[in-house]
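Below is one structure; the comments refer to it alone.
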Amino acid sequence: MSIRDRGIIKFMPALLPPELRSMLKQIEVEQNYQTKPSLDEQQLEHINQIICESMEHGLEVKVVYFENNRNNLAIGKIHLFKESSRTIRIVNRFSDYFDIPIEEVVDVFLVYEEEV
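Residue 8 is where the sequence shown starts when you use the working numbering, and the numbers rise one by one after that.
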């Protein structure tokens with residue numbers, strides 16, 4: 008039985024120059040960037056309607072918002088709307104709260120008990 012050693016080939020991934028590693032990391036970060044979608048009047052009215060309904064009846068919502076060049080998701084009840092800073096406060100099941108600027112909200116969905 009002979010040993011089939013691959014020699015230097017097995018160490019090739021570790022021999023990447025630092026410049027190439029940093030360029031690959033930068034390309035990976037740039038690929039994950041997303042652009043903020045623009046909403047029309049009908050979508051804004053729909054978001055407003057769901058926010059008002061959930062505040063009135065204490066319903067749980069999923070809020071998709073744009074932050075750091077990506078879409079994020081917050082699930083919880085809308086506790087209040089701060090008109091001075093134009094933010095909504097969402098309280099999740101663990102009593103943590105998120106203040107989300109209303110301009111960054113992309114979409115809002117009602118959460119039904121079957122989904123959770």
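C-beta atoms are modelled at their ideal positions from N, C-alpha and C, and glycine is treated no differently.
Would glutamine 41 and arginine 77 be called neighbours here (beta carbons separated by less than 8 Å)?
Contact: yes.
Would you mind sorting serine 29 into buried or exposed? The rule is 16 or more other CB atoms within 10 Å of its CB.
Classification of serine 29: exposed, given that the 10 Å Cβ count is below 16.
Whole angstroms is fine: what's the gap from leucine 87's alpha carbon to arginine 93's?
Each residue's alpha carbon lies about 11 Å from the other.
Compare the beta carbon distance of isoleucine 95 and tyrosine 104 with 8 Å and say whether it is the shorter of the two.
Cβ atoms of isoleucine 95 and tyrosine 104: not closer than 8 Å.
Report the start-end ranges of each beta strand (DSSP E) in the stretch 35-77 that is 3 residues or longer and not cut off at the edges.
Within the stretch 35-77, the complete beta strand (DSSP E) runs of at least 3 residues are 67-74.
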